[in-house]
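These notes concern the structure reproduced below.
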């Protein structure tokens, strides 16, 4: 179960464990259940406790970005370790999704 | 010359993605890799095994073979082989963001990640017969005398 914190229209979700193709299904389902509430317009994904991510994670992030964008909302990420940040930058997602802990 | 090697065969179950990358990392420890090198290896293996499961076998059950070896200079060779449907156009499949399954939220980044995180990537595929992914990476610390 993902830990999350919601205040008004903003939702912060702390990812943990690993985000590969196997884990992606469950993480995607849990995120989408939280995003089913249409009042959520801002999503922050906290990667602090995520120990591994491969390109399946890119698909999950991009899919949630589109959901938020389609309802006029925004998404951000934080606390990516260097390895996860490398994949994030490789995919070019840093150009559309801000990293809150980076200038 | 090969100094050490290992081979594993496992069914194309998604839970084996984690098993495969951890097995490679455990074997690589003999070369005293850095945490960054370990992360590179794990990610590349995860991508190749995921491709075999999702594309090679398209959710049918089949065997995936993982072969890992290293030589006296600490160069690792990792092979991931499936006997699935194969890739009709390898060059196209390797283009960044190319995916045959956009509706599954596949990013199309798998081969790009393998290329970036390993020193060398080779893909041999025959439609109807399967795919062999061969990757090489030099572990800087290498084999101790």
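Protein chains in written order, with this note's numbering: chain A, 1 to 103; chain B, 1001 to 1145.
The C-beta atom is built at its ideal place from N, Cα and C for all residues, glycine as well.
From a predicted model like this one, the values you see are computed outputs, not experimental measurements.
Would you identify the three-state DSSP class for residue 1004 of chain B, choosing helix, strand or coil?
In the displayed model, residue 1004 of chain B falls within a strand according to three-state DSSP.
For residue 1040 of chain B, which option in A/92, A/36, A/102, A/84 has the closest C-alpha, if you only look at C-alpha atoms?
For residue 1040 of chain B, the closest of A/92, A/36, A/102, A/84 by C-alpha to C-alpha distance is A/84.
Enclosing alpha helix (DSSP H) for residue 65 of chain A [first to last residue]:
Here the alpha helix (DSSP H) through residue 65 of chain A covers 55 to 70.
Keeping to the same chain, check which residues put their C-beta closer than 8 Å to that of residue 1009 of chain B; ignore five residues upstream and five downstream.
These residues qualify, in order along the chain: 1063, 1064, 1065, 1066.
For residue 1021 of chain B, I'd like the list of residues in its chain whose CB is within less than 6 Å of its CB, leaving aside the five on either flank, ordered along the chain.
Result list for residue 1021 of chain B: 1042, 1045, 1046, in chain order.
Just curious, the alpha helix (DSSP H) that residue 1047 of chain B is in, first and last residue?
Per DSSP, the continuous alpha helix (DSSP H) segment holding residue 1047 of chain B begins and ends at 1035 to 1051.
Cα-Cα, which of B/1088, B/1143, B/1075 is closest to residue 1135 of chain B?
That would be B/1075, whose Cα lies nearest to the Cα of residue 1135 of chain B.
Could you tell me the alpha carbon to alpha carbon distance between residue 1032 of chain B and residue 1139 of chain B, rounded to whole angstroms?
C-alpha separation (whole angstroms): 8 Å.
Of the residues B/1129, B/1111, B/1107, which one's Cα is nearest the Cα of residue 1122 of chain B?
Of the candidates B/1129, B/1111, B/1107, the residue whose Cα lies closest to the Cα of residue 1122 of chain B is B/1111.
If we ignore side chains and look at the alpha-carbon of each, how far apart do residue 1050 of chain B and residue 1143 of chain B end up?
Looking at the two C-alpha atoms, the distance is approximately 30 Å.
Inside the stretch 1101 to 1139 of chain B only - beta strand (DSSP E) runs reaching at least 3 residues
Entirely contained in the stretch 1101 to 1139 of chain B, the beta strand (DSSP E) runs reaching 3 residues are, in chain order, 1120 to 1126, 1130 to 1138.
Reference residue 1057 of chain B; option with closest CA among B/1037, B/1108, B/1081, B/1069:
Among B/1037, B/1108, B/1081, B/1069, the Cα nearest to that of residue 1057 of chain B is on B/1081.
How would you write the range of the alpha helix (DSSP H) that residue 22 of chain A sits in, first residue to last?
Per DSSP, residue 22 of chain A belongs to the alpha helix (DSSP H) from 21 to 35.
Rounded to whole angstroms, how far is the Cβ of residue 87 of chain A from the Cβ of residue 55 of chain A, which I believe are closer than 8 Å?
Their Cβ separation, rounded to whole angstroms, is 7 Å, which keeps residue 87 of chain A and residue 55 of chain A in contact under 8 Å.
Beta-carbon within less than 7 Å of residue 23 of chain A's beta-carbon, same chain only, minus the 5 sequence neighbours each way: which residues are those?
Residues 17 of the same chain have their beta carbon placed closer than 7 Å to that of residue 23 of chain A, with the five preceding and five following residues left out of the count.
Helix, strand or coil at residue 1017 of chain B [DSSP, three-state]
Residue 1017 of chain B: helix per DSSP, three-state reduction.
What residues in the stretch 1046 to 1057 of chain B bring their beta carbon closer than 8 Å to a beta carbon of chain A?
Of all residues in the stretch 1046 to 1057 of chain B, only 1046, 1047, 1050, 1053, 1054 come within less than 8 Å of chain A when Cβ atoms are compared, listed by chain position.
How many angstroms separate the CA atom of residue 106 of chain A from the CA atom of residue 27 of chain A?
Residue numbering for chain A in the displayed model covers 1 to 103; residue 106 of chain A lies beyond these limits and cannot be assessed.
Quick check: the Cα distance between residue 999 of chain B and residue 1014 of chain B, rounded to an integer number of angstroms?
Any question about residue 999 of chain B goes unanswered here, given that chain B covers just 1001 to 1145.
CA-CA distance, residue 1002 of chain B and residue 1070 of chain B?
Distance between the alpha carbons of residue 1002 of chain B and residue 1070 of chain B is about 6 Å.
Please report the straight-line C-alpha distance between residue 1098 of chain B and residue 43 of chain A, rounded to a whole angstrom.
A direct Cα-to-Cα measurement between residue 1098 of chain B and residue 43 of chain A gives close to 27 Å.
Where residue 1029 of chain B meets chain A, residues with beta-carbon distance less than 8 Å:
Chain-order list of chain A residues neighbouring residue 1029 of chain B: empty, with the shortest C-beta distance near 17 Å, by a criterion of under 8 Å.
8 Å is my cut-off, CB to CB: does residue 1109 of chain B come that close to chain A?
Contact of residue 1109 of chain B with chain A is assigned, a C-beta pair being separated by under 8 Å.
Grouping DSSP H, G and I as helix and E and B as strand, with all else coil, what is residue 1097 of chain B?
Collapsing the DSSP output to three states places residue 1097 of chain B in coil.
Could you give the distance in angstroms between the alpha-carbon of residue 64 of chain A and the alpha-carbon of residue 13 of chain A?
So the alpha carbons of these two residues sit roughly 12 Å apart.
If we call anything under 8 Å between Cβ atoms a contact, is residue 9 of chain A one with residue 40 of chain A?
In terms of Cβ geometry, residue 9 of chain A and residue 40 of chain A form a close pair [threshold 8 Å].
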